[in-house]
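The structure under discussion appears below in the form of structure tokens.
There are 2 protein chains.
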Amino acid sequence: MSEHQNPPATDAETERNARHKARMERKKAVVDASIAAATDKRGLLLINTGNGKGKSSAAFGVLARAIGHGLKVGVVQFVKGRSDTGEEAFFRRQPEVSWHVMGDGFTWDTQDRTADTASAQAGWAQARVFLDDPEIGLVVLDELNIALKYGYLDVNQVIADIESRPEMQHVIVTGRAAPEALIEAADTVTDMGVVKHAFKAGIAAQAGVEF
Amino acid sequence: MSEHQNPPATDAETERNARHKARMERKKAVVDASIAAATDKRGLLLINTGNGKGKSSAAFGVLARAIGHGLKVGVVQFVKGRSDTGEEAFFRRQPEVSWHVMGDGFTWDTQDRTADTASAQAGWAQARVFLDDPEIGLVVLDELNIALKYGYLDVNQVIADIESRPEMQHVIVTGRAAPEALIEAADTVTDMGVVKHAFKAGIAAQAGVEF
């Protein structure tokens, strides 16, 4: 795109650059005011929900970010779809990460509500260990929303346990259909919406992208 | 939540478990049919857009996933908001990752369209090096949508370069306001929508969560 390099300083170009600068100066004033107004610092509860791709991967991206700042991280996976995920292989290598997989598989694979409930309960027991430990800076509760959706865990008890965590500890909850009470308790909630998905176009889940 | 452990096998409970099993059997049949229909494997173009949190962090989560499967990854950041991000600190330590920051800052900080254009052009030159290299399994083009939105790069040229990449190479593009032509060219597109955001509630961006 060499035609973009060293743009000729025509009058039109000069005026466009001036308009851009003025627009960006106005934008910076707005951004700076927002930053000045945002001064509170404390542990956050983040929720990644919705039907689109990126709920768990966004949590794992924040996990990498947290390690980069020297935080220790605890992970509990409540639904284990497969045993060969790249994120588990990679993050288990990191000394800052404690990774626990409690789920026995997708609910439609196990088809066993009693076993899934027991597995979710065991997962929550591990989550509480992290939520009681001020040395853990970030707790990732992957697919917790699924365990709540099926009633394997009590949402009020889960919220109470999360809210009694150390003040500076961050928590990320992922999974479709986050319960309203959990959304109300959260600081940041993102709904990952599907615009299009390769799987629906007949493309298989591929290592490194989908798992 | 001990009342959930070892649930008593009352008639109601037994019936509820049976209904759950039947529902999951039906769900599994649907899921298995979808999986059987999805057989194609090739490099994907994924886009994370929208105004919510998680566009870049989802890309970095997939980056970790890709490393876990032994892929080499190339990253180009087109907008560099700050120089102390945890993701850069962490992933620069990984031998599988080649990390390039080309942006000079947010557009409202630089306020200089000519400099931002030159910087985006340099970023795209690096992106093309990755897009020409079959040894690179995943290319992350962070905030590319911003460079396209402001016209620093030509979207048709960008799409042409992405579409001429090695067959099995995956590409993730992030940033608000993905152009329609790029969305049409993509395999998977997720719109990260804001349900709520801590920043708007007066909480500062915090290390390990927001950067």
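Residue numbers (UniProt numbering), protein chains in the order written: chain A, 1 to 211; chain B, 1 to 211. Using N, Cα and C, we set each Cβ at its ideal position, and we do this for glycine too.
Compare the beta carbon distance of residue i and residue j with 8 Å and say whether it is the shorter of the two.
i	j	result
Asp112/A	Lys28/B	no
Leu131/B	Ile159/B	no
Gly54/B	Thr190/A	yes
Thr49/B	Phe211/B	no
Gly208/A	Arg42/B	no
Val129/A	Gln169/A	no
Leu44/A	Ile203/B	yes
Let me see if you follow: with CB-CB separation under 8 Å, is residue i close to chain A or not?
i	result
Ser56/B	yes
His100/B	no
His113/B	Going by the sequence as given, residue 113/B is Arg instead of His. Interface residue, yes.
Gly74/B	no
Leu138/B	yes
Asn17/B	yes
Leu148/B	no
Thr39/B	yes
Val173/B	no
Ala12/B	no
Met1/B	Because Met1/B sits at a pLDDT of 44, beneath the cut-off of 50, its placement in the model cannot be relied upon, and the point is left open.
Val62/B	yes
Ala181/B	no
Arg82/B	no
residue 212/B	Because residue 212/B is not part of the residues shown, which for chain B are 1 to 211, the question remains open.
Comparing alpha-carbon positions, which option in the options lies nearest residue i?
i	options	result
Lys80/B	Arg26/B, Leu71/B and Asp116/B	Asp116/B
Ser164/A	Pro134/A, Gly86/A and Asp84/A	Pro134/A
Phe199/B	Thr39/A, Lys21/A, Val155/A and Asp142/A	Thr39/A
Ala59/A	Leu71/A, Val75/A, Phe90/A and Glu25/A	Val75/A
Ile67/B	Gly43/A, Arg92/A and Ala9/A	Arg92/A
Thr174/A	Asp154/A, His197/A, Thr14/A and Met192/A	Met192/A
Gly103/B	Leu71/B, Leu144/B and Gly202/B	Leu144/B
Leu46/A	Ala185/A, Gln77/A, Glu15/A and Phe211/A	Ala185/A
Glu13/A	Val171/B, Lys21/B, Met24/B and Tyr152/B	Tyr152/B
Asp142/B	Gly61/B, Lys21/B, Val31/B and Val194/B	Gly61/B
Gln157/A	Glu15/A, Ser83/A, Ala127/A and Glu88/A	Ala127/A
Ser56/A	Ile172/A, Gly208/A and Ala89/A	Ile172/A
Glu180/B	Val155/B, Glu167/B, Arg23/B and Met168/B	Val155/B
Ala118/B	Glu88/B, Glu87/B and Tyr150/B	Tyr150/B
Lys72/A	Ala205/A, Gln94/A, Val195/A and Ala22/A	Gln94/A
Val195/A	Ile203/B, Ala204/B and Ala177/B	Ala177/B
His69/B	Gly70/A, His69/A and Ala89/A	Ala89/A
His20/A	Pro166/B, Thr114/B and Ser34/B	Thr114/B
Ala201/A	Ser34/B, Gln77/B, Pro166/B and Glu167/B	Ser34/B
How should residue i be labelled, buried or exposed, when 16 other C-beta atoms within 10 angstroms of its C-beta is the threshold for buried?
i	result
Asn51/B	exposed
Asp187/B	buried
Ala36/A	exposed
Ala147/A	buried
Glu15/A	exposed
Glu25/A	exposed
Glu87/A	buried
Ala18/A	exposed
Could one say the Cβ of residue i lies closer than 8 Å to chain B's Cβ atoms, at least one of them?
i	result
Phe90/A	yes
Gln126/A	no
Leu44/A	yes
Lys27/A	yes
Gly68/A	yes
Gly202/A	yes
Phe78/A	no
residue 227/A	Only positions 1 to 211 of chain A appear in the structure, and residue 227/A is not among them; the question remains open.
Glu167/A	no
Asp132/A	no
Ala207/A	yes
Asp142/A	no
Glu163/A	no
Arg176/A	no
Val31/A	yes
Glu87/A	yes
Which chain D residues sit within Cβ distance under 7 Å of residue i?
i	result
Thr188/A	Absent here is chain D; the protein component of the structure consists of chains A and B.
Inter-stretch contact at 8 Å, needing at least 3 Cβ pairs: the segment 89-100 of chain B / the segment 117-124 of chain A: no
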